[in-house]
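Participant: Dropping the structure in here first, questions after.
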Amino acid sequence: MNNVIIATAGHVDHGKTSLIKSLSDQDTDRLPEEKKRKLTIDLGFAEMQLGENRIGFIDVPGHQDFIKNMVSGVCAVDLILLVISAEDGWMPQTEEHLQIISYLGIKKGIVVLTKTDLVKEINFKINSIRKKLDASILADSEIVPFSSKTGEGLTELKNSILSALKTLPKRKEGGPTRLLVDRSFSLKGMGTVVTGTLTGNPLLINGSIGVYPPSKKSRIRSLHNHNQPSDMLTTGLRAAVNLTDIAHSEIKRGSVLASPKYLIPVLTLDIILECSSRFDLDSKPLKTNSIVRIHHGTANTEARIILLDIKKIMPGQRALAQLRLSKPVSIWLGDRILIRNWQGNKTLAGGLVLNIGNEKKQINEITKKTLKIRSRFPDSAIIWTYAQTELEKMVKLDQLIRPSSFTQKERSQAISHLAKKNKIYLFGDWVLSNKFWNASVEKVSRSVDKIHVDNPASSGMPEERLTELLNHKFNSEQLEELLRELCLKNNFIRHGGYIARKTHARDQSDNLYDEKERIRLAMKESGIITQAQLTEYGLSKQALRFLIESGDILSISDEIYMSAMKYGSCKLATKMHLRGHGKATVSELKKVMNTSRKIAVPVLEKMDSDGITSRQGDYRVLFK
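Numbering of the sequence shown is given in the working numbering, commencing with residue 1 and proceeding in unit increments.
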């Protein structure tokens with residue numbers, strides 16, 4: 001059985017609800033106010049079986065005041081029925097609804113000409129509508145005359161729907177579970193129930209599910225599809241989900257059910273913005289810093305729009321933009337959004353989400369290039385994966401193009417393809433573009449080699465310089481992974497906080513070997529050497545520094561150096577004495593350490609700085 005979602009669209013009172021009732025024998029107006037006013041206010045739902053297709057209908061309101069509810073209804077549909085009254089013809093909401101379904105990426109639809117029993121010149125009406133559809137996504141769609149009063153055209157409409165469904169691309173199976181909540185309520189004896197259209201992996205009874213917002217984990221107690229209980233619901237079905245461990249008041253229209261820990265609510269979106277050429281050229285342009293209302297799935301919120309390429313966007317133009325939201329939204333890469341004015345009474349543009357959570361106010365040219373590439377290939381996991389690495393940053397494998405509607409299989413195939421083509425560099429749990437990796441290796445190599453040439457006795461490049469060298473693109477965890485990989489694959493070595501060529505480190509070690517051994521010999525009995533002794537013995541500071549960096553020797557002061565073993569024994573003796581006596585003077589402690597006052601004073605000062613001892617007047621005590 002093929003699961004399909006069909007939604008209506010069209011001007012108020014053009015016969016959408018009557019049309020669905022004729023098709024399904026179900027009345028989608030459920031609210032008392034809807035019955036009283038004979039006007040659809042909120043979303044309505046019905047179902048039917050047509051051939052091998054199980055169809056879920058979503059009846060949307062057409063009145064201007066309820067456009068936000070209309071948007072909620074058409075966010076996850078396969079086929080649209082654009083309903084136009086033969087009596088009234090093309091109306092303002094007809095045009096707006098057509099723009100909305102275009103912006104939301106719906107590519108297949110049927111135009112239903114209703115109330116044909118009230119009009120004689122049907123062909124004239126059809127020709128008039130065909131002209132209005134010109135240059136739209138429904139330009140080549142079938143126009144089916146229909147009368148809910150007489151039933152004329154019902155068979156033809158069903159046949160048209162069947163034909164259209166045969167041409168639909170197969171709904172993608174697999175991928176992360178997602179259900180956009182369009183209703184939330186509480187039932188006696190059951191608790192919290194939400195409804196929405198399911199995509200991705202199935203929902204299972206007793207399975208865990210994340211709720212965003214409020215970013216809580218819940219458990220599925222029961223499942224229903226159009227009032228029929230089920231142990232499992234698959235993609236493309238209308239689902240009623242009974243949840244545990246969460247109150248009805250915590251979930252509203254606009255929330256999302258998704259795989260646990262899969263979504264992170266964000267406050268910024270980078271998008272490609274599109275303003276339809278069908279809008280009047282004298283329409284007020286959309287400018288930077290405009291306050292707008294965005295509709296995403298079943299949610300809507302205010303946002304400030306920042307145009308990245310131009311100062312204003314006119315009808316027929318596309319432009320990169322950043323949206324800074326007034327509250328967090330749970331959104332996926334590749335999702336489509338609708339942009340209306342902040343009053344919510346006029347549709348301005350549509351957008352494709354290219355990046356989420358970017359807190360940078362300034363977007364560089366590399367990022368802009370990446371976003372533009374994504375905008376041209378909205379369905380390519382390979383392009384989106386590569387574009388992610390082109391942002392000149394390291395990304396964890398399990399975070400690539402996530403969250404998105406791409407399945408795990410699609411992401412794995414994309415990574416494998418790019419690795420084989422040498423487009424990306426993989427190591428451990430991390431990935432970055434091969435170009436960026438090679439450039440980073442080259443920068444490090446040039447810097448380290450220059451230091452070795454300019455100062456052959458140096459230990460190499462300090463590790464802390466790596467951040468500056470790579471333009472601060474990595475955090476501490478990423479730098480550590482990068483360093484490890486550099487040493488593993490590129491003939492570098494790390495020692496004492498420095499990066500050096502392996503060959504240079506060996507040469508340096510050979511050249512300084514004699515001096516280092518002479519220093520060790522000089523310190524053998526006392527464990528101490530002074531700057532004066534180094535000068536007297538003709539020993540170089542480079543050899544001493546090498547031993548310090550290796551941890552063999554500690555710098556006690558500018559004039560005094562001590563072996564790590566000797567300093568350790570001094571610490572132990574001092575601690576034991578102070579534990580037994582509570583406090584002690586320098587004179588007492590120099591005897592304990594078996595050294596002179598000249599040595600004991602700087603040693604105790606180092607112990608103070610190391611947090612071992614603390615000075616109290618003329619005494620030392622253990623630091624607490």
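Note that beta-carbon positions come from the ideal geometry of N, C-alpha and C, so glycine has one too.
Which residue's Cα is closest to the Cα of VAL194: ILE363, ASN127 and ILE209?
Facilitator: Nearest C-alpha to VAL194 among ILE363, ASN127 and ILE209: ILE209.
Participant: Measuring alpha carbon to alpha carbon, tell me which residue in SER412, GLU464, LEU466 and LEU397 is nearest PHE427.
Facilitator: LEU397
Participant: Compare the beta carbon distance of VAL241 and GLY175 with 9 Å and say whether it is the shorter of the two.
Facilitator: It is not a contact, given that the beta carbons lie outside the stated cut-off.
Participant: May I ask you to list the residues that DSSP assigns as paired with PHE436?
Facilitator: Bridge partners of PHE436: none, in fact.
Participant: For ASN358 and ILE205, what's the separation of their Cα atoms in angstroms?
Facilitator: 36 Å
Participant: By the 10 Å Cβ neighbour count, where 16 or more other Cβ atoms means buried, how is VAL695 classified, buried or exposed?
Facilitator: Nothing about residue 695 can be read from this structure; the chain reaches only from 1 to 624.
Participant: Please return the same chain residues whose Cβ sits closer than 6 Å to the Cβ of GLY73, not counting the five positions on each side in sequence.
Facilitator: Bear in mind that a pLDDT of 44 at GLY73, under 50, signals an unreliable position, so the number given afterwards is only what the model happens to contain. So the qualifying residues of the chain are ALA7, LEU43, ILE58 and VAL60.
Participant: Which whole-angstrom value is the C-beta distance of ILE337 and HIS296, which I expect to be below 8 Å?
Facilitator: 5 Å
Participant: Which same chain residues end up closer than 7 Å to ARG518 when comparing Cβ atoms and leaving out the 5 residues on each side of it in sequence?
Facilitator: Sequence-distant Cβ neighbours of ARG518 in its own chain, meaning closer than 7 Å and more than five residues away, are TYR537 and LEU539.
Participant: Quick check on the DSSP output: the beta strand (DSSP E) that includes PHE185 runs from which residue to which?
Facilitator: From DSSP, the beta strand (DSSP E) with PHE185 extends over 178 to 187.
Participant: Once you ignore the five residues that flank GLY236 on each side, which residues in its own chain have a CB closer than 6 Å to its CB?
Facilitator: Only ASN3 and ARG171 meet the Cβ criterion.
Participant: Using the C-alpha atoms, what's the distance from VAL601 back to LEU534?
Facilitator: The alpha-carbon atoms of LEU534 and VAL601 are separated by roughly 21 Å.
Participant: Going by beta carbon distance, what residues of the same chain come within less than 7 Å of LEU604, once the five residues before and after it are set aside?
Facilitator: VAL586, LEU589, THR613 and ARG620
Participant: Can you pull the DSSP bridge partners for MET523?
Facilitator: Note: MET523 sits in no beta bridge, so no partner.
Participant: If you compare alpha carbons, which of VAL12, GLY207, HIS504 and TYR561 is closest to SER458?
Facilitator: HIS504
Participant: CA-CA distance, PHE146 and GLU121?
Facilitator: In a straight line, the C-alpha of PHE146 is about 14 Å away from that of GLU121.
Participant: Quick one, which of THR94, GLU142, GLY10 and THR234 has its alpha-carbon nearest ARG54's?
Facilitator: THR234
Participant: Please list the segments of the alpha helix (DSSP H) lying wholly inside the stretch 327 to 408, counting only runs of 4 or more residues, in order along the chain.
Facilitator: 365 to 376 and 381 to 389
Participant: In this structure, does DSSP put PHE45 in helix, strand or coil?
Facilitator: strand
Participant: Beta-carbon within less than 6 Å of GLN49's beta-carbon, same chain only, minus the 5 sequence neighbours each way: which residues are those?
Facilitator: none
Participant: In three-state terms, what does DSSP make of HIS296?
Facilitator: strand
Participant: So, with DSSP's three-state summary, where would you put THR40?
Facilitator: Because the pLDDT at THR40 is just 42, under 50, the model does not fix this residue reliably, and the value given afterwards should be weighed accordingly. It is coil, neither helix nor strand.
Participant: One question on the structure: do ASN300 and GLY334 come within less than 9 Å of each other, judged by their Cβ atoms?
Facilitator: Not a contact, by the Cβ cut-off of 9 Å.
Participant: How would you label THR17, buried or exposed, when you count the other beta carbons within 10 angstroms and need 16 or more for buried?
Facilitator: buried
Participant: My guess is that GLU463 and ILE493 are in contact by the Cβ rule of under 8 Å, so how many angstroms apart are they, rounded?
Facilitator: Contact doesn't hold; Cβ gap of about 12 Å is too wide.
Participant: Since VAL444 contacts LEU479 with CB under 8 Å, what's their CB separation in whole angstroms?
Facilitator: Not a contact, Cβ separation roughly 11 Å.
Participant: Who are ASN123's beta bridge partners in DSSP?
Facilitator: None; ASN123 has no bridge partner.
Participant: Just verifying my parser: in three-state terms, what is the DSSP assignment at GLY551?
Facilitator: coil
Participant: Could you work out which residue in LYS524, ILE220 and MET461 is closest to ASP450 when comparing CA atoms only?
Facilitator: It is worth fixing the name first, because residue 450 is Lys in this sequence and not Asp. Put simply, of LYS524, ILE220 and MET461 the residue whose alpha carbon is nearest the alpha carbon of LYS450 is MET461.
Participant: Would LYS312 and LEU286 qualify as a contact pair, given that the criterion is a beta-carbon distance under 9 Å?
Facilitator: yes
Participant: Within the same chain, show all residues whose beta-carbon is closer than 8 Å to that of ASN289, passing over the 5 residues directly before and after it, in chain order.
Facilitator: ARG304, ILE305 and ILE306
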